[in-house]
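Numbering (this note's numbering), first residue to last: 2 to 228. Each residue gets a CB set at the ideal place from its N, CA and C atoms; glycine is no exception.
Here it is, written out as structure tokens:
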């Protein structure tokens, strides 16, 4: 009989997060099925779902209907097509697409963000500033930009963003980025994340969008992507 203490949703979420960071309870970027997770953690599926809902609100996991629960932003639909596309486009083309799309997402996110959205976005920006490895920064950066796209509240734009992100992740230049990565570069880019949050909180949509444009240009310069 299981004599483990009953954890509240927050404690259960922390326990699950610890297991995820240890490489347990995951298969690739996806959590194990809920039934198996509940057994491993010794909780009911209802309590597990409550914990996962809180983790999703905090940007710690990402649930996608029909695909499961992910520990990083989920892959775009038709990911195989994006994999093929990634072999045909350049890092420059991907960055040009981001420069057109992401400032527009910031403009809309500024208009639509709630106080809770802004609090979460700042916490995610802080995570990117605290990253000490290339992998940790890339994860925090992915989550920050993904949440911005979600907050913008336009499904068509979000799908475009996810498509561009899918091509970016699968392209050979992801290894190129890691070669040029450093803590100092990450701190500079993370500082821009935080400044974007400040401008959004002030309702300065145009300035926030302009800073996102500069942020992406800075990233291209630091990682030697010609524009």
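Cβ-based neighbour list, residue i, same chain, cut-off 6 Å, excluding 5 preceding and 5 following
i, result
"residue 37", "none"
"residue 69", "31"
"residue 128", "141"
"residue 57", "64"
Other residues of its chain near residue i: CB distance less than 8 Å, five sequence neighbours each side excluded
i, result
"residue 158", "102, 105, 106, 109 and 150"
"residue 34", "69"
"residue 188", "130"
Residue i: CB within 7 Å of a non-hydrogen atom of the ligand FMN
i, result
"residue 33", "Ligands are entirely absent from the displayed structure, and the ligand FMN is therefore not among its contents."
Local Cβ density within 10 Å of residue i, reported as buried at 16 or more and exposed below that
i, result
"residue 4", "With a pLDDT of 42 at residue 4, under the threshold of 50, the modelled position of this residue cannot be trusted, and the question is left open."
"residue 40", "exposed"
"residue 115", "exposed"
"residue 91", "exposed"
"residue 111", "buried"
"residue 176", "exposed"
"residue 207", "exposed"
"residue 209", "buried"
"residue 221", "buried"
"residue 260", "Residue 260 lies beyond the residue range present for the chain, which begins at 2 and ends at 228; the question has no answer from this structure."
Residues near residue i by beta carbon distance below 7 Å, same chain, minus five either side
i, result
"residue 225", "181"
"residue 2", "Reliability fails at residue 2, whose pLDDT of 37 lies under 50, so the model's placement of it is uncertain and the value that follows must be treated cautiously. Nothing meets the Cβ criterion."
"residue 214", "100 and 104"
"residue 161", "102"
"residue 202", "119"
"residue 55", "10, 11 and 14"
Sub-8 Å separation of residue i and residue j beta-carbons
i, j, result
"residue 48", "residue 17", "no"
"residue 223", "residue 212", "no"
"residue 133", "residue 184", "yes"
"residue 130", "residue 217", "no"
"residue 198", "residue 122", "yes"
"residue 154", "residue 113", "yes"
"residue 135", "residue 179", "yes"
"residue 74", "residue 166", "yes"
"residue 191", "residue 137", "no"
"residue 72", "residue 27", "yes"
"residue 86", "residue 168", "yes"
"residue 152", "residue 117", "no"
"residue 52", "residue 10", "yes"
Closer than 8 Å is the cut-off here; do at least three beta carbon pairs connect the region 60-71 with the region 83-101?
No, the region 60-71 does not touch the region 83-101.
Can you list the beta strand (DSSP E) stretches of 3 or more residues lying completely in the region 41-89, in chain order?
Taking 3 residues as the minimum length, the beta strand (DSSP E) runs contained wholly in the region 41-89 are 63-65 and 69-71, in order along the chain.
Which parts of the region 157-182 are runs of the alpha helix (DSSP H), unbroken and 4 residues or longer, counting only runs that do not cross its ends?
Correct list: 174-181.
Mind listing, in chain order, the continuous alpha helix (DSSP H) runs of no fewer than 4 residues lying wholly within the region 7-34?
Those alpha helix (DSSP H) runs which fall completely within the region 7-34 and span 4+ residues are 10-22.
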